[in-house]
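Asker: Sharing a structure with you now.
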Ligand code: PMP
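In my numbering, the protein residues as written are 2 to 294.
Have a look at this one:
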């Protein structure tokens, strides 16, 4: 089945979809994006994603590409035209195409909007979650506005590749004080010996993950111990559990950091419990949750 991509007002076959060479996203990374989880053909937490998109646009002084209902229509229509039951939708807005200049275009050139959707095999994700993943720490070399979901992803791409080169599924980025900021494409968490969940405060040093938000809500609902503060690599190595959260991976238990085993070396009880709760809140059935290790 041919993939269909939405580009600036048109639904086009994958091979034909293209943008202008002077698109500011292409030349300057002058754009923002969102990735949403699709379950049973429906986009999960769509309002939350669109609110974060609006915030990213505002912070970069970019106008929304269209009104909210029209954007929702484009997203849903892209999901529908690609017949996605389970997968993800990708939305990208750039400042548009204009003669190359560092300053903003002087007149309104209209932003560029791209929307894609693709299927995921949730069984693979669940099998990985049942086993747990290994992660590698790397220095965080990014800019100071990591709260903006910018398409400028060079440091994350390099971190991700470094992790893969070590046989790891994700990189944990570390600030110059030795504290973990977040994963290359996920938020980082740990459970201490007191069963207290820790994750970094959602200030400008990390992305305000939508899945992070869902986990915070679940923790509050279950009445678990919770503290929003940065934790160091040493604390992570001594933790009972470590996990990362993201839209596509949901909640992924970490069993090894820099080649050193975390806890018992298998996904911990709290990680499994929280992942199940997230799956349930996204409307998944029990048979779609990960098997217990
Ligand atoms: N941090 C970074 C740097 C990311 O790229 C992502 C995934 N986009 C996340 C955190 C997780 O955010 P979310 O739960 O909204 O996918």
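Just so you know, even glycine gets a beta-carbon here, dropped at the ideal spot from N, CA and C.
Assuming residue 280 is part of the alpha helix (DSSP H), what are its boundary residues?
Answerer: Position 279 of the chain shown, counting from 1, holds the residue named residue 280. 270-282 is the span of the alpha helix (DSSP H), which, as asked, contains residue 280.
Asker: Tell me the rounded alpha-carbon separation between residue 294 and residue 257.
Answerer: In the chain shown, the residue the question calls residue 294 occupies position 293. In the chain shown, the residue the question calls residue 257 occupies position 256. Unreliable positioning characterises residue 294 in this predicted model, as indicated by a pLDDT of 49, which lies under 50. The coordinate reading is nonetheless provided below. Answer to the nearest angstrom: the Cα atoms are 16 Å apart.
Asker: Label residue 26 either buried or exposed according to how many other C-beta atoms from any shown protein chain fall within 10 Å of its C-beta, with 16 as the threshold for buried.
Answerer: By one-based count along the chain shown, residue 26 stands at place 25. Label assigned to residue 26: buried.
Asker: Considering only the beta carbon of each residue, do residue 268 and residue 133 sit closer than 7 Å?
Answerer: Within the chain shown, numbered from 1, the residue matching residue 268 stands at position 267. Within the chain shown, numbered from 1, the residue matching residue 133 stands at position 132. A contact, by the Cβ cut-off of 7 Å.
Asker: With a 10 Å radius around its C-beta and 16 neighbouring C-beta atoms as the bar for buried, classify residue 288 as buried or exposed.
Answerer: Taking the first residue of the chain shown as position 1, residue 288 is located at position 287. The residue in question, residue 288, is exposed, as its Cβ has fewer than 16 Cβ neighbours within 10 Å.
Asker: Going by the beta-carbon positions, is the gap between residue 273 and residue 243 smaller than 7 Å?
Answerer: In the chain shown, the residue the question calls residue 273 occupies position 272. In the chain shown, the residue the question calls residue 243 occupies position 242. No.
Asker: So is residue 10 buried or exposed if we call it buried at 16+ other beta carbons inside 10 Å?
Answerer: Stepping through the chain shown from its first residue, residue 10 is reached at position 9. By the 10 Å Cβ count, residue 10 comes out exposed.
Asker: Where do the ends of the beta strand (DSSP E) carrying residue 39 lie?
Answerer: Here residue 39 is taken as the residue at index 38 of the chain shown, counted from 1. That run of the beta strand (DSSP E) goes 32-40.
Asker: What does DSSP give as the partner residues of residue 246 in its beta bridges?
Answerer: Here residue 246 refers to the residue found at position 245 when the chain shown is read from its first residue. Paired residues: 188 and 252.
Asker: Is DSSP giving residue 236 helix, strand or coil here?
Answerer: In the chain shown, counting from the first residue as 1, residue 236 sits at position 235. Residue 236 falls in the helix class under three-state DSSP.
Asker: How about residue 35: is its Cβ closer than 6 Å to a heavy atom in the ligand PMP?
Answerer: By one-based count along the chain shown, residue 35 stands at place 34. Outside the cutoff, so no.
Asker: What whole-angstrom Cβ distance do residue 110 and residue 98 have, given they're in contact under 8 Å?
Answerer: For the purposes of this step, residue 110 is taken as the residue at position 109 of the chain shown. For the purposes of this step, residue 98 is taken as the residue at position 97 of the chain shown. Indeed, because the Cβ distance is near 7 Å, the residues count as touching under 8 Å.
Asker: Is residue 186 near the ligand SAH - that is, is its Cβ less than 6 Å away from at least one heavy atom of it?
Answerer: With respect to small molecules bound, the structure shown includes the ligand PMP and not the ligand SAH.
Asker: Following a CB-centred definition, is residue 179 positioned closer than 6 Å to any heavy atom of the ligand PMP?
Answerer: As a working note, residue 179 is residue 178 in the chain shown. Checking the Cβ of residue 179 against the ligand PMP gives no.
Asker: Name the DSSP beta bridge partners of residue 104, please?
Answerer: Locating residue 104 in the chain shown gives position 103, counting from the first residue. The partner list for residue 104 (beta bridge, DSSP) is empty, contrary to what the question assumes.
Asker: Taking only the alpha-carbon atoms, compute the straight-line gap between residue 278 and residue 253 and give it to the nearest angstrom.
Answerer: Along the chain shown, read from residue 1 onward, the residue named residue 278 stands at position 277. Along the chain shown, read from residue 1 onward, the residue named residue 253 stands at position 252. One C-alpha to the other measures close to 13 Å.
Asker: Within a Cβ cutoff of 8 Å, which residues of the same chain sit near residue 15, ignoring the five residues on either side of it in sequence?
Answerer: Looking up residue 15 in the chain shown gives position 14. So the qualifying residues of the chain are 3, 4, 5 and 6.
Asker: Can you tell me where the beta strand (DSSP E) holding residue 89 begins and where it ends?
Answerer: Taking the chain shown and counting its residues from 1, one reaches residue 89 at position 88. First-last of the beta strand (DSSP E) with residue 89: 88-95.
Asker: Suppose the cutoff is 6 Å on Cβ atoms and the five residues either side in sequence are ignored; what does the same chain contact list for residue 8 look like?
Answerer: Along the chain shown, one-based indexing puts residue 8 at 7. Contacts found: 18 and 115.
Asker: Would you mind reading off the limits of the beta strand (DSSP E) that contains residue 172?
Answerer: For this step, residue 172 is matched to residue 171 along the chain shown. That run of the beta strand (DSSP E) goes 171-175.
Asker: Rank 56, 270 and 246 by C-alpha distance to the C-alpha of residue 225 and give the top, closest one.
Answerer: The sequence position of residue 225 within the chain shown is 224, counting from 1. Of the listed residues, the one whose Cα sits closest to residue 225 is 270.
Asker: Taking the Cβ atom as the reference point for each residue, do residue 172 and residue 189 lie within a distance shorter than 7 Å?
Answerer: Your numbering for residue 172 matches position 171 in the chain shown. Your numbering for residue 189 matches position 188 in the chain shown. Not a contact, by the Cβ cut-off of 7 Å.
Asker: Pull up the distance between the alpha-carbon of residue 39 and that of residue 81, whole angstroms please.
Answerer: Numbered from 1 along the chain shown, position 38 holds the residue referred to as residue 39. Numbered from 1 along the chain shown, position 80 holds the residue referred to as residue 81. Roughly 11 Å between the two C-alpha positions.
Asker: Should residue 210 be counted as a contact of the ligand PMP given a C-beta to heavy atom distance under 6 Å?
Answerer: Numbered from 1 along the chain shown, position 209 holds the residue referred to as residue 210. Yes, the ligand PMP has a heavy atom inside 6 Å of this Cβ.
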